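A quick write-up on the structure given underneath.
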Amino acid sequence: MKRIVTVLIILLITTPALIAQETLKDVVRDYQRNNSEFTLVIPSFLIKVGLAFGDMEEEEREVLEMIDDMKIVICENKFHNNEFAALEEGIKSGNFAEVMTINDGDDKVRMIMNKKTKRRSEMLMLVESENENVLMLFNFHGEPDFKKFISLAD
Numbered sequence: 024m025k026r027i028v029t030v031l032i033i034l035l036i037t038t039p040a041l042i043a044q045e046t047l048k049d050v051v052r053d054y055q056r057n058n059s060e061f062t063l064v065i066p067s068f069l070i071k072v073g074l075a076f077g078d079m080e081e082e083e084r085e086v087l088e089m090i091d092d093m094k095i096v097i098c099e100n101k102f103h104n105n106e107f108a109a110l111e112e113g114i115k116s117g118n119f120a121e122v123m124t125i126n127d128g129d130d131k132v133r134m135i136m137n138k139k140t141k142r143r144s145e146m147l148m149l150v151e152s153e154n155e156n157v158l159m160l161f162n163f164h165g166e167p168d169f170k171k172f173i174s175l176a177d
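Just so you know, we're using this note's numbering here: the sequence shown kicks off at 24 and counts up by one.
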């Protein structure tokens, strides 16, 4: 009886902490709620169809095999820092890791990672330019190999 009570108490204490963890998906969802913009969701079965029937090089195929699903949010308004308070807080607290920031004139690209488990991770790419801004959320099988991503840019 004591063990059952102990297990229930532990579950009651730890469950809210596990549920309350912020993910990059939550950051994107909050942004979408506050800014009704165009959103495109590419589910995993469409990526697999592209892999099966698409004509692509081996490097491109390896990158796409890592991606589980993808969400793209396009907007014409500039990103504001107050819209990403949860993102900045997650970076400061260590829940998220800013992998890379690239400034190219007026264009800016930020890549933020969140390793959920050993088998799943997510990456948010924020692309800011003069004409439009794009949020791209990638869910990966495991941790992505950035060497493969960089090889696509060459």
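Beta carbons: idealized from backbone N, C-alpha and C, even for Gly.
Treat the numbers as computed from the prediction; the structure is a model and nothing was measured.
query	result
Own chain partners of M89 with C-beta closer than 8 Å, once the 5 adjacent residues on each side are dropped	F163, H164, G165, P167, D168, K171
Every unbroken beta strand (DSSP E) inside the segment 112-176 [3 residues or more]	120-127, 130-138, 143-151, 156-164
Rounded C-alpha distance that separates D92 from E153	28 Å
Which listed residue (K115, I114, M134, G117) has its alpha carbon closest to that of M123	M134
Residue nearest to G204 in terms of C-alpha spacing, selected from N100, G128, D129, K138	Outside the displayed range of the chain (24 to 177) lies residue 204, so it cannot be described from this structure.
Through-space distance from V132 to F61, alpha-carbon basis	19 Å
Given D127 as reference, the closest of E151, F119, E106 once Cα atoms are compared	E151
Backbone secondary structure at M89 - three-state DSSP	helix
Environment of M79 [buried if 16+ CB atoms lie within 10 Å]	exposed
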